Amino acid sequence: MSAVMSNPLFREPLSMAGAEREIEFRDAVREAMCEEMRRDKRVYLLGEEVAQYDGAYKVSKGMLAEFGAARVVDTPISESGFSGMAIGSAMLGLRPIVEFMSWSFSLVAADPILNNAPKMLYMSGGQFGCPIVFRGNDGAGGQLGSTHSWSVEGLFSNVPGVKIVIPSTPADAKGLMKTAIRDDDPVFFLESERLLSMKGHVPEGEYLIPFGHAALRRQGKDCTICSWGRPVHFCLEAAEILAKEGIDCEVIDLRTIRPLDLPTVVASVRKTSAAVVVDQSWSFASPGSELAAQIHRHCFDELDNFVHRVHSDDVPTPYAVALEQEYLPNVRKICEAVRSATYRA
Amino acid sequence: MKDPIVPMPQVAPPAVATAGTGASSLPVPASTAMQWLRTMHLVREFEVRCMQSYQEKKIGGFCHVYIGQEAVAVGCVAAMQPQDPIVTAYRDHGHALARGMSSRACMAEMFGRAGGCAKGKGGSMHMFDRPNNLFGGHGIVGAQTPLGAGLAFATKYEDEVILGGKSRRVSLSFLGDGAVNQGAFYEAQNLAGLLDLPVIFIIENNGYSMGTAIHRGTTMSHDICIKGRAHGLREATIDGMDVLSVYRDMKALADWCREHSRPAIVDMKCYRFKGHSMSDPRKYRTREEEAHHESNDPIITLERRLTNAGVLDEARLASMLKEVREEVRDAVAHANASEPTSASELYRDVFVEPWGRYTGSSLPDYMGGATNACTFRATDGKEGLV
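Chains A and B, in that order, are what the protein sequence lines are.
Start counting the first sequence at 0; every next residue gets the next number (numbering that gives the first Met the number 0).
Start counting the second sequence at 0; every next residue gets the next number (numbering that gives the first Met the number 0).
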């Protein structure tokens, strides 16, 4: 707990003191789920291949053995059905964690996850909430082709009533997942398949990271780069390259896009007077376009240039490795955007 | 390995309504049957006043009335226990009233007023009643069927995993015959069969999905229980125009589902006397067909039965009707007098916990804010940035 008390919002990197332990992103997510399932019997996990198979991506490995088949529930390939079923159970007071093997598959469950979960509390006049976590892989980069490479935040962030969490590090994944499970509202927890094997320091034991609090990943004075999820790592890489060119970047990891930590972003942009938003969803009507609009509004007088945006290209996700890498918000595109935003192009 | 599913024998229910005379000929105490009659009249009168209020533009949006199907909601609710969860579709006023929602709260919801069951934020299609375990009217056809499976999952989980006992509740999920063709319904049935969920899917088979006759939209429409047979569900075909049959058959089915923690499907034969909604000229069916079914009015059937049993006479019926009309008149008056839902409700109930860090503005600032000033304040000690 001491790490939490001294650093309640985890804006700074977690203390490495004490038991230094590096685990994979998937282990961090699992640790959060297991701790919460031990704490609260109302929490259960369901989804395709989560139990006997140990998880398609091994996120739920070993959970069946610990918690049994009543609480780690294998479902058929039936996203619409099991999402709706989990929502019904949440209305009655359980706290389901629904694993989508890929968020791309959630599209066949659009009605329950968008029409039921986020609206239940409202249309029942506050009578029935929906404390549920939907989690799974989101985003492109694994050569999975057009239909399996969705960045669903581009679609789902438009809907009121959901909280959207997109962690970029194992430590954040654990702390944010625990918060998600304890949250009384529907939470969409978007993991990146490309990050699941990434290792990082994750404190043992209890800690929760509140939603709506960005992390400052790098301090700088010339340009603010805002991102979330996997592209945060590309931003940090770009910042190192740009530093050699004399452009000192500040990198903000939003961690949740609903709620959105606008104060942190605004304070940074008022300092640097330049902003680049990096978002792996498509550009049209996206979280990135929303953030850019908000920066324009709140930093209108301080900005030296319009807010530059880096997205996935506005085409279906290609399969070929070179094309897919070109399509994604990559280090080159981020460097170009920062140079342009700071008039160093 | 699951137990093999033994199909329920399909027997045509004997016509209860023709059996014997005297109060002892009733399958339930006379006072209970009289209560059902009153509730059926209440639903009928409520719906008549809804249609009037709709014409007067007191009620907006869509409005789907339940006239003709009263025996279904009343009989099904009577067959269940109060702790059994119920979820239904958009033609939901009858279920709400049958489950015990006050006619005042129901009508005020129709009027979109603060005194409505959902403070006017749900409307006609979204009647929710937590104290009475009514988990909503739901507007998207078939979407409530996975929810119904989920309610059963939750009661079973609570009873078995959390309390360590035996599953003891059964959920009802109502749907129309139009919802039978939605994919969500098949997924719900498959999950219910697979996970041994005590849920009964009651298909209120009134023969039409909006204006499409069942045989024009549904294969095997003469035997829609076959849809459940494919998933190992126990099945029953019930005369939904006779509340005594509905009660008796539903009670037997619910007892079985409770005992075995298994799902079931019901082909509840009924007829919708009015159009699909208020804007339906009913060109897809003949007036003769309507007259034929209206001669089988579930309310008249029960009245006849109660009269034959010596429980009901003209005076008692008149007094019941007077009471019901007064109750509904009072509900309309209450709805009219109820405050319009305040604008301060607009942002309430979006989340259980408020955002917390946004203060001083009725809108979260990142959404555009009610004011031009940057009014948010961080709760982590960083004061507002303005």
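Each residue gets a CB set at the ideal place from its N, CA and C atoms; glycine is no exception.
Predicted model only: the values in this text are computed from it and were never measured.
Under 7 Å from any heavy atom of the ligand FAD, does the C-beta of residue i make it?
i                      : result
residue 110 of chain B : Although the ligand FAD was asked about, the structure shown includes no ligands whatsoever.
Kindly list, in the order they appear in chain A, the residues whose Cβ is closer than 8 Å to that of residue i.
i                      : result
residue 125 of chain B : 122 and 123
residue 154 of chain B : 91
residue 390 of chain B : Here chain B covers residues 0 to 385 and nothing more, so residue 390 of chain B does not appear.
residue 139 of chain B : 110 and 114
residue 142 of chain B : 83, 110, 111, 114 and 115
residue 134 of chain B : 87, 90, 91 and 127
Using the beta-carbon of each residue, which ones in chain A are nearer than 7 Å to residue i?
i                      : result
residue 169 of chain B : Going along chain A, no residue has its Cβ under 7 Å from residue 169 of chain B, so there is no contact; the nearest lies around 13 Å.
residue 61 of chain B  : Ordered by position in chain A, no residue passes the 7 Å Cβ test against residue 61 of chain B, which lies about 14 Å from the chain.
Whole angstroms are fine: how far does the CA of residue j sit from the CA of residue i?
i                      : j                      : result
residue 42 of chain A  : residue 35 of chain A  : 7 Å
residue 95 of chain A  : residue 21 of chain B  : 53 Å
residue 267 of chain B : residue 182 of chain A : 40 Å
residue 309 of chain B : residue 31 of chain B  : 14 Å
residue 121 of chain A : residue 113 of chain A : 13 Å
residue 341 of chain A : residue 249 of chain A : 13 Å
residue 26 of chain B  : residue 305 of chain B : 11 Å
residue 235 of chain A : residue 98 of chain B  : 59 Å
residue 255 of chain A : residue 331 of chain A : 25 Å
residue 348 of chain A : residue 346 of chain B : This structure leaves residue 348 of chain A out entirely; chain A is present only between 0 and 344.
residue 136 of chain A : residue 165 of chain A : 10 Å
residue 305 of chain A : residue 217 of chain A : 22 Å
residue 71 of chain B  : residue 260 of chain A : 51 Å
residue 138 of chain A : residue 337 of chain A : 23 Å
residue 329 of chain A : residue 237 of chain A : 9 Å
residue 246 of chain A : residue 157 of chain A : 34 Å
residue 23 of chain A  : residue 269 of chain A : 36 Å
residue 116 of chain B : residue 61 of chain A  : 45 Å
residue 281 of chain B : residue 174 of chain B : 21 Å
List the residues of chain A that residue i touches, going by C-beta distances under 9 Å, in chain order.
i                      : result
residue 87 of chain B  : Those within 9 Å of residue 87 of chain B in chain A number zero; the least Cβ separation is about 13 Å.
residue 159 of chain B : 69
Measure the beta-carbon distance from residue i to residue j and round it to whole angstroms, keeping in mind my assumption that it falls under 8 Å.
i                      : j                      : result
residue 161 of chain A : residue 185 of chain A : 5 Å
residue 59 of chain A  : residue 71 of chain A  : 7 Å
residue 152 of chain A : residue 106 of chain A : With a Cβ gap of about 13 Å, residue 152 of chain A and residue 106 of chain A do not count as contacting.
residue 39 of chain B  : residue 297 of chain B : 7 Å
residue 90 of chain A  : residue 145 of chain B : Rounded, the Cβ-Cβ distance is 12 Å, inconsistent with contact.
residue 129 of chain B : residue 331 of chain B : Not really, about 24 Å apart at Cβ, beyond 8 Å.
residue 344 of chain B : residue 118 of chain B : 6 Å
Against chain A, with Cβ distances strictly below 8 Å, would residue i count as a contact?
i                      : result
residue 354 of chain B : With a pLDDT of 40 at residue 354 of chain B, under the threshold of 50, the modelled position of that residue is not reliable, and no figure is offered here.
residue 387 of chain B : Nothing about residue 387 of chain B can be read from this structure; chain B reaches only from 0 to 385.
residue 193 of chain B : yes
residue 358 of chain B : The predicted position of residue 358 of chain B is uncertain, since its pLDDT is 34 and thus under 50; no value can be drawn from it.
residue 110 of chain B : no
residue 233 of chain B : no
residue 239 of chain B : no
residue 117 of chain B : yes
residue 402 of chain B : Lying before the first or after the last residue shown, residue 402 of chain B is absent from chain B, which here runs from 0 to 385.
residue 121 of chain B : yes
Quick check: is the beta carbon of residue i nearer than 8 Å to any beta carbon in chain B?
i                      : result
residue 208 of chain A : no
residue 326 of chain A : no
residue 247 of chain A : no
residue 252 of chain A : no
residue 171 of chain A : no
residue 355 of chain A : Residue 355 of chain A is absent from the structure shown; chain A starts at 0 and stops at 344.
residue 184 of chain A : yes
Listing by chain order, which chain B residues have their CB less than 8 Å from the CB of residue i?
i                      : result
residue 88 of chain A  : 149, 150, 152, 153 and 156
residue 313 of chain A : The contacting residues do not exist; residue 313 of chain A stays about 25 Å from chain B at best.
residue 287 of chain A : Correct list: empty, because the minimum Cβ distance to chain B is about 14 Å.
residue 160 of chain A : 349 and 350
residue 278 of chain A : Chain B residues near residue 278 of chain A: none, gap ~15 Å exceeds 8 Å.
Quick one: which chain B residues come within Cβ less than 9 Å of residue i?
i                      : result
residue 300 of chain A : Here the premise fails: no neighbours, minimum Cβ distance about 12 Å.
Any residues in the segment 122-137 of chain A with a beta carbon nearer than 7 Å to a beta carbon of chain B? Which ones, in chain order?
-> 122, 123, 124, 125, 126, 127 and 128
Looking at chain B, which residues of the segment 68-79 of chain A have a Cβ within less than 8 Å of any of its Cβ atoms?
-> For the segment 68-79 of chain A, the set of residues with a beta-carbon nearer than 8 Å to any beta-carbon of chain B comprises 69, 70, 72, 74, 75, 77 and 79, in chain order.
Please name the residues in the segment 162-189 of chain B whose beta-carbon is closer than 7 Å to at least one beta-carbon of chain A, in chain order.
-> Per Cβ criterion, the list reads 182, 183, 186, 187 and 189.
Interface positions of the segment 41-55 of chain A facing chain B (Cβ-Cβ less than 8 Å), listed along the chain = 41 and 43
Check distances from the C-beta atoms of the segment 199-226 of chain A to those of chain B and list, in chain order, the residues that come in under 8 Å.
-> 211 and 212
Listed in chain order, which residues of the segment 69-85 of chain B have Cβ atoms closer than 7 Å to some Cβ of chain A?
-> Residues 84.
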